[in-house]
Structure formats: structure tokens, C-alpha cells
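A short worksheet on the structure shown next.
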Amino acid sequence: MRNIKKYYLKHSFYSFLIISLLINLIAPLTAKADKKDDFLEMPLTQLVNVEVQSASRFKQKSSEAPSSVEVLTAEDIRSFNWRTLSDALNAIRGLHVRTDRNYTYLGVRGFGPVGEYNSRILIMINGRRMNDALFDQSFLGEDFLLDMNIIDRIEYIPGSGSSVYGGNALLGVINVITKKGKDINALRLTGEVGSLDTYRGRLTYGKEWDNGVSLLLNASQYRSQGNSQLFFEEFREFNNGIAQNMDRERSDRLFGQLSYKGFTISTGYVDRSKRVPTASFGGIFNDRPFTMVDRQAFVDLDYNTSINKDLTLQARGFHHWYDYHSIEAYLNSNDGISFYRAVNKDATSARWWGGEVKLIGTHFKDHKWITGIDFQYDQRQHMVNYDFIPEFFSYNNSNNGGLRIGGYLQDEYRITNNLALNAGFRVDHHHLIKNIQINPRVGLIWNIKPTLTGKLLYSSAFRAPNIYERDYVLLDSNVRNPNNREELIKSYEAIAEWYPIDGMRFLGTLFFNDLNKLLIEKTDQFTNADDSDFNKFMNAGHARSIGFELQGERRWDNGRLFKLSWTYNHTETRDDFSNSPWSKAINSPQNLIKAHYAEPIFNNRFRLGFEEIFVDSRRTLAGESAPAYHIFNINLAMTKPIYGFEAHLGLYNVLDSHPKMVGGPEHVQDVLRMDGRTVRFRLEKSF
Amino acid sequence: MQKLRITIKAVIFMLALIVTDITYMDRAIATTSASEQALIAAFLYNFLKFTEWPREIITREIKLCIPENQKFKELDDITGRSIENKPVLIKYVNFGEPIDDCQLLYLSREESAEKTRNWLKITRQKPILIVSNVSEFLDMGGMIILINNGKTLNFEINLEHVRNSGLKLSAQLLQIARHIRDR
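Sequence order for the protein chains is A and B. Reminder that position 256 of the first sequence reads as 256 in the working numbering, one-by-one numbering, no gaps. Reminder that position 44 of the second sequence reads as 44 in the working numbering, one-by-one numbering, no gaps.
Encoded structure:
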């Protein structure tokens, strides 16, 4: 019965898509043939929705950027009601999100190794690095610093970007840009309820005064009971395999931004805690204290000014705090025969501050150059691990600190009217590696026609080992490795972008990523040292990924959107220990298909958004295959407030599929089953 | 596998549809963005369409006036069009010259606040629709202000000032305005 229902639903979904497409096919036929640019004859109701072109000189048009940039706007966030940054990223071509009911992880173009914390992606807020100074982690879920309502746009720049941004930009850069006070221009109260006992309350205030002072404040609280009865086959002997009330999540956030003239001061805070139901890292199943807590805060001071009409200066100083701890009960033993319950605390604390100066110049005809220096001083990189029940016993207590500094130069040279060369390099020093890193980038951009652009790109990037990979000691299974070095990537990409008409974009890419000296966790079989039975992170991994992406997108004046993307890749890995040749990479879906469709209804008062994400099967650590899955979401949003009220209704995973995510080395489970259909309702009142 | 096959079929079908869609694109040009000047011209043209001047003022043409130092080329597109069989003309004016034959006067934000106030003084109570995009224009005594919120262009109306001049704005205009004072 259930299956039949599912099939029916799926088919009705595709028929729906097809019908809506037919409508959009016929629509242009019936539409009056407007003369191009004839705004004079456009009705006023439409005129008020026409976007004013910004004359911002340095915001690159995406067809000029030396990459295949993808941008999600606040409008898209409204249309599809993405709950977290990871929801939004999951909508982007080539990205796929994995979650293990603890953190959220991002796979890029087929490369999504398990047992790491998004350290190969650089995540930024308003252009400033947000990866923490211990795990280099990118936080993407409720542990991300920003609420979705204050995000103006999300830029995804695929490919390696070390030539401008420094470390960690191996697979791509994600830059989240916040709204300004005038974008909110109100006091707004928001309440949200959802399935699995999920609640969110939020207060937002934004204003820009006539003297140019702009203020944005946002505070929110999130609580979710989660799935209160989670069944895990692997733990059938304990409590019948049911983790009771172990899926709770809590997150509190604050964000403030004050700007005046060229100065902007921003500050953010997030405190998120998650109970871990999976008994990962050798924990006792269904044992209450297992919780992970991540807290972060930052203060940024930016200064942006035009020195003269050809020279722009951007300067910034920042301070960042990050604290993490987890409490976990596990079975300890002194003799290997009798076991007792011990409670362990794993904690880290990091403080870092730094600054950057960037100059953008257009003095020379046909050239636009950018140069800059940035540094980050890792003042504290503290990591401890100890048992405190039944008695205190310390396993790890490590301290680090030092300087990361880099300088870069990039030039965009217009060789002819339709041919541009974008070349640059960056030099980096990082206190955890000995060598100076030099990473180049070369991009050739050819405007074949005004509407058609071709690009050829090459770049390399590095990633220094992080403190976790250097110093982590896990009970009696992991040891530190002071000898590990940087990882390297070389990436090659060919891109064709076509804008046949305004609002329509087609994109095709061909990519090859070559990753070497990847840090993987292995027992060291080669040395006969005392610690040869232990795991440690070593530069022994290799990965290569080849594939293509196709994307078509059309945006209409009235807010209608249709977007379809397909990513195909072939990703293989190998390590220096086993003699086996290249084999299919873990957690690497060969095909990713994403479809988005938004339709304004009832005179543009509401908007319906449909989202379909298909993720192909992925190989697990045990060599099995996690089956392919679909996620289909429907969202209904009000686009104009009525009496100051705005409502949003989101239906997530409508087909009630339970995707199986690939487990990591920390899990007993080979795959982790996710939740089915959920609902969220949000009501906002503006004053 | 079944799922994958269905998806791929759907994808191919959708791609085919998109491609057919493109063949029609020349006919259905959809422009999503425009320069601010082009939009201002379009708004002014619409304001002319939706304003009623007092009956006793009978003119053969409709004159849109702008101080000579503020003229912009996008306005030229309006010249030659007609509203209710009356041709629309653009007239460049200078402060001090008679402007009684103007139906609409546009003052841009490039003009100094003091000059704008002077313009408002000499046009007070005259049946001329005064529009500007200078901030606080409605407080100064203006009738319609054009507001660029960084994304789109919209307008607000001070109805009292409009009424005092003997002008009438159509309901459609009032409906679309973002805000109306002294309704």
C-alpha cells in the first residue's frame, strides 16, 4: 500500500513539473511582444518590480569572474524557505550535504570524505574567514553564526581559491553576505513551529537613518526535541536499539552590525548544543550525557574607502572566539576483561585575531589589480581530553599558537575587447607547516559573443594540518603526529556560460581535481615505533575527480524561477599504505540532480516553491552502497505582508523518504537513517 | 535504479522543454533590470498618464519640464509619444523663466536642497505636478517622491500638496504608491 502511494505521489510530482513547464512554454507565445527596453509602456505595477541596476564598480558580473560562481539571493531563501545554511548549500549545483545527527558536512563535486569537519572548504561571512582555528571546521547547520533571515546572498565559488584566500580553499569558497539595516527597515518578531517539537523565536531590528548610520540587530533561539525514538539495528542489545530523547538540539544566536560611512562593525555569537544519539566515538548507547556544544563569537571592524577614483582601500581587523566541549560516557577497562562506565570530557578552546588590508586599483588602462596582506595570530589553540568519572585521568592536554600570514597579487588584464587574462598568486606562511606556500591561479576569459563566455582555469591550493589532525589523542586509539604536512590540490576547469536573454543563463563546466598528500587517519604500518598500533593523521591519501556540470536557469520579472542542474563525476581515492589501485571514493554520489521552481500566485501575494534534490548512491566505509534518494520540498511563502503579518509554510521531504547517510569512522553504523517528512510554519510580524 | 531512470527521463524532458522555450525568447523579451534613469523616465511618463489637470487648463500638448542642467537622455524616449491624443513634449527650463505651461516638473537629487525649495516656492498652488527623488522631498512641500531602495524604484505621495494645486491622481496611482500622506 505504502509503496503504491509513494509511486503515485512521485508520478504526480513529475506530471506537475511537466505541466508547469508546458505552461511556461506557452506563456511566451501568448505574451505581448514587448519591444526591448520599452519601460515606458510597461504597466506601473510591473515597473515597481524592475530592479535598479547598481553601478557598483567592483562587484563582478558572474560572466567576468574567473570561476563559475553560483549566487543564492534572499529572494531564493524566501522562495524555498531553507532552514539552515546547509539546506541552501544543498540546493547548489555540485554540492551535497551529509549529516550524522551531530554535525553537517559538505561534499563538493563528488569529493566528500568522512571523518573530517569541512576543513577543505573555506567559509566566510562578508568576506572574512570563519573556519575555526582548531578543526578548521565550517559550521553549516544550526551551529552556523547567522540566521537565514539576515542573509542577503550566498556566493559559492567552486574550485581552489588559495591564490586569494589562503588556506582551506581547496574545493571551494562559500561567502555569506549579510543584509543591511535598510533591508529590514522595521522591528520584526518571528515565531516558528515545526514537526519533531521544533520551535524558533526571533527578534530582528533594522534601520538606516538619514545621516547614513545603519543598524541591524538579530537575536534568536532555537529548540528541537528531534526524533525522540531513534532505532539503530546495530545496538539492538541495548534498550532494543532505541535511543530515547537523544536527538535534541538547541541553538542561541546574536548578530549586530553598525555602519557609518566607510566603517562597519559587526559582531556575532552562536551557542549550539546537540545530543548525539549514534553512540559515536565508542560511546555507550542511549547514555544521556552524550552532548556536543560549540560556541563561537566574533567582532569585525571593516573600513572601506575610495582613495581616489582609481584606488579603493579595504581594511579589516577581527577577533574570534571558539569553544567546544563534549561529554561522553564510555566503557573503560584497566585489564581488558572487566569494564566500567567512565565519563570523558573532550574540550577545545581557541582565540585568534588578525587583520587584512586590500587595495583595488584601476589606474592602468585595461588592468584591474588587487593586492593585499592578511594575517591571523592564533593566540590560543588549547585542546584537552580527560575522564572525570569515576576519577580524573588526563589523556591529552595540548597547547599551540602562532602566526599565519599571507600576501597576494592578482591582475585582470583585458588583452583585447573580448579576451581577458586573470592571473594571480599568493604566498603563505603557516605556523603548523615549515615551508612557504606559493599558489598560482591563471584564468583565460573569452567573451565569444556578448551573450556567450568561455573560461579556462587552472589553480592550486594548500591546506595546513589543523590542531585536531596534529595533536588529537583519543583515549587509547589515537596518537598525535607532529610530522604531518600540508595537503595540496591542483584544479582544472573549463566553463561555458550563455545568457541568451536577460534573466536566462545556461552553464556547462568540465572539471578535474587532483588532490595529493591528503591527511587520512590510519595506523602507521611502516614504522616500528611504540605507537604503531595507534591511528594517526598522515599525508597518505590521494584523490582525483573528473566530471561535468550542466545548468539551466531562468528568472522572470514577476519572481518566477526555474532552475535545473546536473552534476556528474567520477571520483577515486587511493592511499600509500594499501597496494590497491584507485577505487571508488567513499560518500561520492556519481549524479546529483537539482530542480527548483518558484511560481508567484494570487497576484504575486504568495509564492510557491518546489525543490527536488536527487542524490545518487554512495559507497560506504564497509564497501556497501547507501541507496540513492530524492528529497522533495514544497514551500508556500507570502511575499507581501498583510497588516504587517507574513507567513511561511514549508513541507520538507514530502515523499517521506528516509535517506541513508554514510557513517564515518567514528560510527559503528555503516549508514545512518534520516528523518522523513517534516513541516515548518513561520509567522512574522513587522512593526 | 528505477528512481534514477525516472529522474533522468524527467531531466531530459525538462531540458527539451527549456530548449524549445529558447526558440521563443526573441518574442518574449523579459527585462528584469534597468538603469535608474530609464526607470525614472518611465515613472514620469506614467505619472503624466494618471494625473488629471483642472478642466480650465486646456493645452494642445502635455509638457514634462526639467531644469536644463539636469536633463538626461533617457527622457528623450518620451518625446513624440501621446497621452489621450496629446503629444508629450520635454521642455528644459531655467530658474526664473515662466513655467506655467508645464504639466509636470521633475527635480533630481543632484539639485541642491535650497534650489529645490526655491522651485517649490515659485510653483506653489500652481497646477503642476512636482516630482523629485531628493530625500525628504515630501516634507519640503513636494508632491511625489521617487525612492530607490537599492533594489527597485517606488514612490510616495503627499496628497495634500497634490490637492492644493487642484490636481487629481487616479486611483491606480494611489494604489501602487508605497505610502500616501494626508489621504
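Heads up, the beta-carbon is just placed ideally off N, CA and C, and yes, glycines get one too.
Which residue or residues does DSSP assign as beta-bridge partners of ASN633 (chain A)?
-> Your numbering for residue 633 (chain A) matches position 633 in the first sequence. Bridge partners of ASN633 (chain A): A:GLU611.
Determine the direct distance from the alpha carbon of ILE360 (chain A) to that of ARG441 (chain A), and round the result to whole angstroms.
-> For the purposes of this step, residue 441 (chain A) is taken as residue 441 along the first sequence, with counting starting at 1. For the purposes of this step, residue 360 (chain A) is taken as residue 360 along the first sequence, with counting starting at 1. Rounded to whole angstroms, ARG441 (chain A) to ILE360 (chain A) spans 18 Å at the Cα level.
Could you please tell me which residues of the stretch 34 to 46 of chain B, in chain order, have their CB closer than 9 Å to any CB of chain A?
-> Residues passing the 9 Å Cβ filter: ALA34, SER35, GLU36, ALA38, LEU39, ALA41, ALA42, PHE43, TYR45, ASN46.
Would you call the CB atoms of ILE593 (chain A) and GLY609 (chain A) closer than 9 Å?
-> If you number the first sequence from 1, residue 593 (chain A) lands on position 593. If you number the first sequence from 1, residue 609 (chain A) lands on position 609. Not closer than 9 Å, so no.
Three-state class that DSSP yields for VAL69 (chain A) in the structure shown = Numbered from its first residue, the first sequence carries residue 69 (chain A) at position 69. VAL69 (chain A): coil per DSSP, three-state reduction.
Between the stretch 363 to 373 of chain A and the stretch 335 to 350 of chain A, do at least 3 Cβ pairs fall closer than 8 Å?
-> No, the stretch 363 to 373 of chain A does not touch the stretch 335 to 350 of chain A.
Mind listing which residues of the stretch 199 to 217 of chain A have their C-beta closer than 9 Å to chain B's C-betas, in chain order?
-> Residues ASP210.
C-alpha distance - ALA171 (chain B) paired with ALA647 (chain A), whole-angstrom precision = As a first step, residue 171 (chain B) is located in the second sequence; it is residue number 171 there, counting from the start. As a first step, residue 647 (chain A) is located in the first sequence; it is residue number 647 there, counting from the start. If you take the alpha carbons of ALA171 (chain B) and ALA647 (chain A), they lie about 29 Å apart.
Which residue from B:VAL93, B:PHE95, B:GLU97, B:ILE62 puts its Cα closest to that of SER82 (chain B)?
-> Here residue 82 (chain B) refers to the residue found at position 82 of the second sequence. When only C-alpha atoms are compared, the closest one is B:ILE62.
To the nearest angstrom, report how far apart LEU474 (chain A) and ASP136 (chain A) are at their CA atoms.
-> Position 474 of the first sequence, counting from 1, holds the residue named residue 474 (chain A). Position 136 of the first sequence, counting from 1, holds the residue named residue 136 (chain A). Approximately 18 Å between the Cα atoms of the pair.
Should ILE405 (chain A) and HIS429 (chain A) be called a contact, given that it needs their Cβ atoms to be closer than 9 Å?
-> If you number the first sequence from 1, residue 405 (chain A) lands on position 405. If you number the first sequence from 1, residue 429 (chain A) lands on position 429. Their beta carbons are under 9 Å apart, which means ILE405 (chain A) touches HIS429 (chain A) by this criterion.
8 Å Cβ cut-off: residues of chain B touching PHE39 (chain A) | Within the first sequence, the letter at position 39 stands for residue 39 (chain A). Those are THR31, ALA34, ALA38, LEU39, ALA41, ALA42, listed as they occur along chain B.
By Cβ distance below 7 Å, which residues in the same chain neighbour GLY127 (chain A) in space, the five residues on each side in sequence not counted?
-> If you number the first sequence from 1, residue 127 (chain A) lands on position 127. ASN175, listed in sequence order.
Per DSSP, ARG555 (chain A) forms a beta bridge with which residues?
-> Residue mapping note: residue 555 (chain A) aligns to position 555 of the first sequence, counting from 1. Its beta-bridge partners are A:LEU561.
Tell whether a beta-carbon distance below 9 Å holds between ASP197 (chain A) and SER163 (chain A).
-> Stepping through the first sequence from its first residue, residue 197 (chain A) is reached at position 197. Stepping through the first sequence from its first residue, residue 163 (chain A) is reached at position 163. Contact: no.
Would you mind working out which of A:PHE238, A:THR278, A:TYR260 sits nearest ARG248 (chain A), comparing C-alpha positions?
-> Against the first sequence, residue 248 (chain A) aligns to sequence position 248. Of the listed residues, the one whose Cα sits closest to ARG248 (chain A) is A:THR278.
Cα separation between ILE145 (chain B) and LEU89 (chain B)?
-> Translated into the one-based positions of the second sequence, residue 145 (chain B) becomes position 145. Translated into the one-based positions of the second sequence, residue 89 (chain B) becomes position 89. Roughly 22 Å between the two C-alpha positions.
Taking only runs that begin and end inside the stretch 458 to 489 of chain A, name each unbroken beta strand (DSSP E) of 3 or more residues, in chain order.
-> none
Given a cut-off of 9 Å, decide if PHE606 (chain A) and ALA626 (chain A) are closer than it, judged by their beta-carbon atoms.
-> Position 626 of the first sequence holds residue 626 (chain A). Position 606 of the first sequence holds residue 606 (chain A). Going by C-beta atoms, ALA626 (chain A) is not nearer than 9 Å to PHE606 (chain A).
Excluding sequence positions up to five away, which residues of its chain have a Cβ less than 8 Å from the Cβ of PHE681 (chain A)?
-> For the purposes of this step, residue 681 (chain A) is taken as the residue at position 681 of the first sequence. GLU192, VAL193, GLY194, ALA647, HIS648, LEU649, GLY650, listed in sequence order.
Looking at chain A, which residues of the stretch 81 to 101 of chain B have a Cβ within less than 9 Å of any of its Cβ atoms?
-> ARG81
To the nearest angstrom, how far is it from the Cα of ARG480 (chain A) to the Cα of SER280 (chain A)?
-> Residue mapping note: residue 480 (chain A) aligns to position 480 of the first sequence, counting from 1. Residue mapping note: residue 280 (chain A) aligns to position 280 of the first sequence, counting from 1. Cα-Cα distance, rounded: 20 Å.
State whether the stretch 176 to 187 of chain A contacts the stretch 204 to 212 of chain A, with contact taken as three or more CB pairs (one from each stretch) at a distance under 8 Å.
-> yes
Near-chain A residues of the stretch 113 to 139 of chain B - C-beta to any C-beta below 9 Å | SER135, GLU136
Cross-chain neighbours of THR678 (chain A) in chain B, by beta carbon under 9 Å = Stepping through the first sequence from its first residue, residue 678 (chain A) is reached at position 678. Those within 9 Å of THR678 (chain A) in chain B number zero; the least Cβ separation is about 21 Å.
Endpoints, the alpha helix (DSSP H) within which PHE235 (chain A) is located = Within the first sequence, the letter at position 235 stands for residue 235 (chain A). No alpha helix (DSSP H) contains PHE235 (chain A), which DSSP labels as neither H nor E.
Less than 9 Å separating the beta-carbons of LEU44 (chain B) and LEU64 (chain B)?
-> Indexing the second sequence from 1 puts residue 44 (chain B) at position 44. Indexing the second sequence from 1 puts residue 64 (chain B) at position 64. Taking 9 Å as the Cβ cut-off, LEU44 (chain B) and LEU64 (chain B) qualify as a contacting pair.
Does DSSP put ASN46 (chain B) in a helix, a strand or coil?
-> As a working note, residue 46 (chain B) is residue 46 in the second sequence. Three-state result, ASN46 (chain B): helix.
For chain A, find out if any of its Cβ atoms is closer than 9 Å to the Cβ of ILE176 (chain B); answer yes or no.
-> Counted from its first residue, the second sequence places residue 176 (chain B) at position 176. Taking Cβ atoms only, chain A reaches closer than 9 Å to ILE176 (chain B), which makes this a yes.
Interface residues of chain E around LEU47 (chain A) at Cβ under 8 Å?
-> Of the chains in the structure shown, none is chain E; the protein chains are A and B.
If you count every other CB in all the chains shown that lies within 10 Å of the CB of TRP582 (chain A), and 16 or more means buried, which is it?
-> Taking the first residue of the first sequence as position 1, residue 582 (chain A) is located at position 582. Classification of TRP582 (chain A): exposed, given that the 10 Å Cβ count is below 16.
Ordered list of alpha helix (DSSP H) runs contained in the stretch 89 to 148 of chain A, each at least 4 residues | As far as the stretch 89 to 148 of chain A is concerned, it has no whole alpha helix (DSSP H) run of at least 4 residues.
In three-state DSSP terms, what is PHE681 (chain A)?
-> Here residue 681 (chain A) refers to the residue found at position 681 when the first sequence is read from its first residue. Looking at PHE681 (chain A) - three-state DSSP - the assignment turns out to be strand.
Own chain partners of THR523 (chain A) with C-beta closer than 6 Å, once the 5 adjacent residues on each side are dropped = Position 523 of the first sequence, counted from the start, is the residue given in the question as residue 523 (chain A). For THR523 (chain A), where only same-chain residues beyond five positions count, the Cβ hits under 6 Å are ASN535.
Show which residues of chain A have a CB atom less than 7 Å away from the CB atom of ILE78 (chain B).
-> Here the question's residue 78 (chain B) lines up with position 78 in the second sequence. Under the 7 Å cutoff, chain A gives LEU40.
What residue from A:ARG677, A:LEU672, A:VAL679 has the CA that sits closest to TYR103 (chain A)'s CA?
-> Taking the first sequence and counting its residues from 1, the one referred to as residue 103 (chain A) is at position 103. That would be A:LEU672, whose Cα lies nearest to the Cα of TYR103 (chain A).
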